[in-house]
Every structure is written in structure tokens, then in C-alpha cells.
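Visitor: Okay, here's the structure, questions in a sec.
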Amino acid sequence: MGRTARCRCRLAPLAAVLLGGCSGEPGQSTLHPAGPAAAEIAWLWWVMFPAFTAVFLLVVVLLLGAIFRKSARPSAPGPLRGGEEGPAPPLGRTGFIVVGGIVLPVVVLTPLFLLSLNTSASLRQPQKSLTVRVVGHMWWWEVRYPEQGIVTANEVHVPAGRPVRLELTSADVIHSFWVPRLHGKRDMIPGLETEFWVQADEPGAYRGQCGEYCGTQHANMAFLVIALPPDEFDAWLAERTRPRPEPATAEERRGREVFLKAGCAPCHAVRGTPASGNVGPDLTHLGSRRTIGAGLRPNTRGELAGWVADSQALKPGARMPRSYLAGEDLLALVTYLEGLK
Ligand code: CUA
């Protein structure tokens, strides 16, 4: 293999990382805002990016100038000669310090400071809006609609085009609520209630991620903000406040028995059953969620069975222990859980 080919090989991973940011899918990109708060933040970023690039280039030019001016000087034999003067800069030494050290920073930083103050002011909480309470857990998200009495997990449904007030806190360690396309980060601190808000302009699913290291599975603590057209959102709310239907088939009834007897109920709640645990996510509508394990896997029958059987293989350290169910019981349980729409 030639030298060039080897070199290209080594550069490939670097190029992959750099170009990864240019892929068409916006995913969690703060530079593809989907709501008014994120748009303000992205706008400020686009102002600051060229300003700080110019400052950086100026510093590099001055640094290189200083290095080459010094090395161009004839080297003095013997002990170092103090007080040797190079050519004076164009403004004179004092002028250079005043302009470069005081005037320039004030001229550059003052407008940027004022702009960031303006952005902070425009991110203020909107007045009256729907309230959703989100509690961070190691490593999942409890989601409550206090006015409607709805409890769910790892998915925050909101009406598109409307601000939603968030009450944030944590049940254990510090987490951080972060949906890059909708707003900045807000820490969730145990014992402290924090207010925040999000708004998505268009219907869609916006991925969020815990933004504060919180232990082994921090990286797998994801969630979705699902923005629905307002009428669909109202239907979603109404659907979730209706009483749960009884399991329809014998298989589902068997699954419910397994759920209640095999040790799931002390940790998980299913409304309308004796199961009311709050250690793990509420499963009342598990079947309608898009993912399991806090954004870890798609919510399919196979993935769900794998998760129940051996969650530790998929998410080591998660609070959910392995289950040791007989195959038939496991399948019945998964049928029941899938039916919880
Ligand atoms: Cu929760 Cu990181």
C-alpha cells in the first residue's frame, strides 16, 4: 500500500466524524431548530460563529507574526542579551496594547453580550400554557400531565404550535432535559422544581437526550417530544383518561396474571390493575410507545421480549433486573404488554 493510500485510510474515521454533522437527517442538531426558542439560540450561534472565527484568525495571524519576527532576529552568541528591541508595531507599543487589549475586545464583545442578553430575554417562559411534569430517573423519564391525571414515560406528547410549560425535577441524581431542536438544556435537580418550556412549530417527533452525565447509562437516557396537531393532541389526551379495557383474549389474561405475580407490579404501574409501582416507568399505555428502554430499542414484540427476559444484556446497570420466566409465560406477558395501547 502506498504512502498516500495509507494516509487516506487514517483520515477516513476523522472525515466520517466531521461529515457526520452534515448528514441530511437533523436528528438532534441545534442548527436545525424546530421551535421558536431553538430558532433564537441558532440565530445567536450564526451571529457568533463568524465573529469568533474572525477573532480566532486575527489571534492566529498575530501569533504567527510574533513567532516569525522573533525567529528572524539574528541569534546572539554567548549569554542572553536583554532589552533587545524588534521593529515597533504600527501603532506604537502603548497604542497596540490599548487598541488590541481594550478597544478591540470592547468593540467586539459588547454587541455580542447585548445580543445574548436579548436572546435570553426572548427565551422567557410564555404565560398560560399546558403543564407537563417530567421527572428524571436513572435512566428514564417519568412524564405526567397533572391537570389531566395522565402518567406515561419517555415520550412527551405536546400540541404543535403551542408553548408547553414543563415542571422539571429529578428522583435521584442531576439529569438535564435537552431537546436540541426545540430549546437549550435545563438541569433537573433532586429536591428542586425548575420551570422550563418547549414549543414545536410543526407536528413531528423530536429526539431528546439527557444532557448531564448521570451514571453508567447516561448515554441511553433518551426520549421523544411528539408534537401532534392540536385536535389530534386533544384526542390523545381524551384517549388516555378513558378507563382501561379488560384484556380481550385468554393469552392477554394469562399475560396479566404473569405481570401481577412475577414481580413486575412492585416497580411498574398499570392503571386499572393492582400494579402501582413507581420505581420504573408507568406501563398503562406501553403498547403505544415507539421505543422501549428510554429510546434504546424500537418497541416491537421481539425487542420487548428480549428486554423483559434480559434487560441487563441490552442496558447494563439499568434498575430493571433479568426475569426468569418460562417461555410461554414470557410470550403471554409480552402479548399483554403489547395490548396496553
Ligand atoms: Cu440522566 Cu444523564
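Residue 3 is where the sequence shown starts when you use our numbering, and the numbers rise one by one after that.
Glycine residues also receive a C-beta, built at the ideal position from the N, C-alpha and C atoms.
From a predicted model like this one, the values you see are computed outputs, not experimental measurements.
1. Can Leu335 and Leu342 be called in contact, C-beta distance under 8 Å?
2. Whose C-alpha, out of Ala320, Ser313, Arg324 and Arg303, is nearest the C-alpha of Thr337?
3. Suppose contacts are defined by Cβ-Cβ distances below 8 Å. Is Thr293 in contact with Pro182 by that definition?
4. Can you list, in chain order, the residues of its chain with a C-beta nearer than 8 Å to that of Pro323? Leave out the 5 residues immediately preceding and following it.
5. Hey, would you say the C-beta of Glu42 is under 7 Å away from at least one heavy atom of the ligand CUA?
6. I'd like to confirm the pairing. Which residues does DSSP put opposite Ala224 in its beta bridges?
7. If the criterion is Cβ atoms closer than 8 Å, does the pair Val153 and Val134 meet it?
8. With three or more beta-carbon pairs closer than 8 Å as the criterion, would you say the segment 271-280 touches the segment 200-207?
9. Alpha carbon to alpha carbon, what distance is there between Pro318 and Gly265?
10. Would you tell me roughly how many angstroms separate the C-alpha atoms of Val227 and Ala39, rounded to the nearest one?
11. Rounded to a whole number of angstroms, what is the C-alpha to C-alpha distance between Met223 and Ser131?
12. Could you give the uninterrupted runs of the beta strand (DSSP E) lying entirely in the segment 127-212, keeping only those of 3 residues or more?
13. Sort out for me which residues DSSP pairs Ala277 with in a bridge.
14. Residues in its own chain within less than 7 Å of Gly84 by CB, not counting five upstream and five downstream?
15. Roughly how many angstroms separate the alpha carbons of Arg246 and Pro276, rounded to a whole number?
16. Using three-state DSSP, classify Thr337 as helix, strand or coil.
17. Rounded to the nearest angstrom, how far is the Cβ of Leu285 from that of Arg299, given a contact under 8 Å?
18. His34: buried (16+ other C-beta within 10 angstroms of its C-beta) or exposed?
19. Determine the direct distance from the alpha carbon of Ile99 to that of Leu82, and round the result to whole angstroms.
Guide: By the coordinates alone:
1. No, the pair does not count as a contact, with Cβ atoms beyond the cut-off.
2. It is Arg303.
3. Their beta carbons are not under 8 Å apart, which means Thr293 does not touch Pro182 by this criterion.
4. Taken in chain order, the residues that qualify are Ser313 and Gln314.
5. No.
6. Ala224 is bridged by DSSP to Gln211.
7. Judged by their CB atoms, Val153 and Val134 are not nearer to each other than the 8 Å cut-off.
8. As far as the Cβ criterion goes, the segment 271-280 does not touch the segment 200-207, which means the pair count is below three.
9. Each residue's alpha carbon lies about 20 Å from the other.
10. Rounded to whole angstroms, Val227 and Ala39 show a C-alpha spacing of 15 Å.
11. Whole-angstrom Cα-Cα distance: 27 Å.
12. Taking only runs of at least 3 residues, the beta strand (DSSP E) segments lying wholly in the segment 127-212 are 132-139, 142-147, 152-155, 157-161, 166-172, 177-180, 187-190, 196-200 and 206-211.
13. Ala277 pairs with nothing; no bridge assigned.
14. Its pLDDT being 48, under 50, Gly84 is placed unreliably in this model, and the value from its coordinates should be taken loosely. The beta carbon of Gly84 lies closer than 7 Å to none in the same chain, with the five residues before and after it left out.
15. Across the structure, Arg246 and Pro276 are spaced so that their CA atoms are roughly 13 Å apart.
16. Reduced to three states, the DSSP call for Thr337 is helix.
17. The C-beta distance from Leu285 to Arg299 rounds to 16 Å, too long to meet the 8 Å contact threshold.
18. With fewer than 16 other Cβ atoms within 10 Å, it is exposed.
19. Because Leu82 sits at a pLDDT of 48, beneath the cut-off of 50, its placement in the model cannot be relied upon, and the point is left open.
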